Amino acid sequence: VRHASYRDARGVAHSYFFSWEHQPTRNLEVDWLDARNICRRHCMDAVSLETPQENEFIKQRIAR
Numbered sequence: 169v170r171h172a173s174y175r176d177a178r179g180v181a182h183s184y185f186f187s188w189e190h191q192p193t194r195n196l197e198v199d200w201l202d203a204r205n206i207c208r209r210h211c212m213d214a215v216s217l218e219t220p221q222e223n224e225f226i227k228q229r230i231a232r
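Position 33 of the sequence shown, counting from 1, maps to 201 under the working numbering, and the rest follow consecutively.
Next comes the structure, spelled out in structure tokens:
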């Protein structure tokens with residue numbers, strides 16, 4: 169499940185999974201370790217923002 173993609177300044181595409189947009193995880197409240205494991209089940213990892221532009225992309229997505 170991929171909810172969004174972002175292409176950084178180098179042209180590298182990053183994919184994002186937003187738990188609140190996925191019915192099975194929408195209402196889950198978990199600690200960091202469990203959240204990371206949920207991400208890994210979707211072949212992803214917990215978010216790690218690397219640039220101000222990526223931070224802005226995520227902020228806009230959360231504000232929706």
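Every residue, glycine too, gets a C-beta built ideally from N, C-alpha and C. Model, not experiment: these values are computed from the prediction.
Within the same chain, show all residues whose beta-carbon is closer than 7 Å to that of residue i, passing over the 5 residues directly before and after it, in chain order.
| i | result |
| --- | --- |
| Thr193 | Ser187 and Ile206 |
Per DSSP, what kind of secondary structure is residue i in: helix, strand or coil?
| i | result |
| --- | --- |
| Arg178 | coil |
| Ala214 | coil |
In chain order, what residues of the same chain lie with their CB nearer than 6 Å to the CB of residue i, ignoring the 5 residues before and after it?
| i | result |
| --- | --- |
| Asn140 | The chain is shown from 169 up to 232; residue 140 falls before or after that span and cannot be answered. |
| Arg204 | Ala214 |
Excluding the five sequence neighbours on either side, which residues of its own chain have a C-beta within less than 8 Å of the C-beta of residue i, listed in chain order?
| i | result |
| --- | --- |
| Val198 | Ile206 |
Between residue i and chain D, is the shortest Cβ-Cβ distance under 8 Å, so that the two count as touching?
| i | result |
| --- | --- |
| Phe225 | Of the protein chains in the structure, only one exists, and it is not chain D. |
Would a C-beta distance cut-off of 8 Å place residue i and residue j closer than the cut-off?
| i | j | result |
| --- | --- | --- |
| Ala177 | Gln228 | no |
| Glu144 | His171 | The structure shown does not extend to residue 144, since the chain spans only 169 to 232, so no value can be given for it. |
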